[in-house]
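Just so we're aligned: the sequence shown equals residues 302 to 696 in my numbering.
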Amino acid sequence: MNKGLAALEPNKIDSRLGPHLEAGELVLWQNQPRAGSLPKLSHTIGALMLLLGGGLLASSIVAPNLSPVARYTPATVAMLLGSFLLFQGWRRRASLWCYAITDRRLLSVFGDKLIRSLAPEQLDKYSLKIQGDTVYWMKFVHSGGRDTISGQYRAEDGRYVGFHGQTDPQATKSMIESWRRNISQESLSVASTFVKTMSNRSTAGNEDQHIDPAASVQRIRHLRSGLYFDIPADWRVAVRSQYDGPLILFGIKLLPRFIRQGPERPYGDSEPWNALSAHAAPEAALDMLIYDRPLATTLDSVLKDPFTQTTGAKILHSKDQLSIGPFKGFAVVRKLPAGSEIKNIESLSGPAMLRQVWLGNADCSIEVSGYALERQSKVQEAIDAMIASISLPDK
């Protein structure tokens, strides 16, 4: 739980937020723009001036000597534009918005639509700023005939992406910054406890070993293969089914490799899956793929793949003849430069360490990749401990 904010009671949560919350997600703060703050006063004044100007021109009060065409054409355009701007402002009025801070992200909901969802690690790419009564983290600029930034286009929240109409924007800004710091500290603390716990016990070959819930450990099990491993308790885990193989249609092989991903869902149900993603803040994750086939990938093919060149990553070291539990394989460690794009992070806030492991036995193969910022050694150690805990139950 975030130290600075307490979870709201379920019956006090704005009904517009409910459909957009993930399973187990807690709302720590909710707010909406103060009445009259949206649309902005300048927007309303501009629309009214167009209506007034068009009306004066059409009534001959202004420029009475103009011909009907010269008078009514611009008057009509001005009044239509003014009406459109007023409608747009009314459509974006303050009462339709709802903002929230949860234990996982920042949310902006407009009517029944989720406009923005910003995870803590994504916030690291921006600087929180204040413009009037708005606390924002992105500002759109006009380029190429459209307002754009980072490949995105303006939506209902306008030029400034953030929380609008705040009664005390400085307090809101400080609250978001404190929320982010607390999440980072909690994540690092849990990672440190996890590493200590894992170093004090061996999970390999002992499926039924008791795990103390207070030990900041959660065990993940893949039901089909029996494979299991441990991760920090606060890491968010999602699973999905993923096909990775040749594309065959009517018995004809069209492509040597075709990847089809199913929808993500929270870990914990009994439905089959073979792909897992576990995330933590700040900017750390572990991904795993499990295949019903022996390991075919080789260390040589990985060292020669285009990933290093396209990302600017540097291979720090590799290890052949790796053994983890009943599996054998190899590992590669790379250093990703700041600004690299990886998974759901458009731009890493700093250099990161990427650990990649390929393992297999006679029945299955596993691909694991985990990354964390270079400056966060404890999270890197936690990723190493997660990978080292991979095992199968005794037969």
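No residue lacks a Cβ here, since even glycine has one placed at the ideal position from N, Cα and C.
Asked, Found
"Count the other CB atoms, across all protein chains shown, that sit within 10 Å of the CB of Arg447; report buried if there are 16 or more and exposed otherwise.", "Here the model assigns Arg447 a pLDDT of 46, short of 50, so the residue's position is not dependable, and the following value carries that caveat. Classification for Arg447: exposed."
"Kindly identify the DSSP beta-bridge partner or partners of His523.", "Answer is none; His523 lacks a bridge partner."
"With H, G and I counted as helix, E and B as strand and the rest as coil, what does DSSP make of Arg566?", "strand"
"Closer than 6 Å by C-beta to His618: which residues in its own chain qualify, once you throw out the five before and the five after it? Chain order, please.", "Val634"
"Can you tell me whether Ala376 is buried or exposed, with buried defined as 16 or more other CB within 10 angstroms of its CB?", "buried"
"Closest to Thr611 by CA distance: which of Ser490, Arg460, Ser641 is it?", "Ser641"
"Starting from Val538, trace the beta strand (DSSP E) in both directions and tell me its first and last residue.", "537 to 541"
"Counting along the chain, where does the alpha helix (DSSP H) carrying Lys497 start and finish?", "470 to 500"
"Report the residue ranges of all alpha helix (DSSP H) runs contained in full by the segment 666 to 690; include only those spanning at least 4 residues, in chain order.", "678 to 689"
"For a test of the three-state rule: what should DSSP assign to Tyr427, helix, strand or coil?", "coil"
"Give me whichever residues DSSP pairs with Ala336 in a beta bridge.", "In the DSSP output, where bridge partners are listed per residue, Ala336 has none listed."
"Would you kindly work out how many angstroms separate the C-alpha atoms of Gly452 and Tyr568, rounded to a whole number?", "Only weak support is given to the placement of Gly452: the predicted model assigns it a pLDDT of 40, under 50, and the value that follows is read from those uncertain coordinates. Rounded to whole angstroms, Gly452 to Tyr568 spans 31 Å at the Cα level."
"Identify whether Pro533 lies in helix, strand or coil by the three-state DSSP scheme.", "strand"
"Run through DSSP, which three-state label would His465 get?", "coil"
"Determine, using beta-carbon pairs with one atom in the segment 678 to 690 and one in the segment 489 to 500, whether at least three such pairs fall under 8 Å.", "yes"
"Of the choices Tyr672, Ser648, Ile616, whose alpha-carbon is the least far from that of Met589?", "Tyr672"
"Do Leu577 and Val538 have their beta-carbon atoms positioned less than 8 Å apart in this structure?", "yes"
"Hey, how far is the Cα of Arg541 from the Cα of Trp574?", "5 Å"
"Output the distance between the C-alpha atoms of Leu600 and His580, rounded to the nearest integer angstrom.", "26 Å"
"Which first and last residues belong to the beta strand (DSSP E) in which Asp621 is found?", "615 to 625"
"Go to Ser418, then tell me how far its beta strand (DSSP E) extends in each direction, as first and last residue.", "414 to 419"
"Does DSSP put Lys440 in a helix, a strand or coil?", "strand"
"Roughly how many angstroms separate the alpha carbons of Lys430 and Asp404, rounded to a whole number?", "22 Å"
"With Thr609 as the anchor, note down where its alpha helix (DSSP H) starts and where it stops.", "608 to 612"
"Exposed or buried, what is Lys414 when buried is set at 16 or more other beta-carbons lying within 10 Å of its beta-carbon?", "exposed"
"What would DSSP say about Ile346, mapped onto helix, strand or coil?", "helix"
"Run the CB neighbour count on Glu572, radius 10 Å, all protein chains shown included, and call it buried at 16 or more, exposed below.", "exposed"
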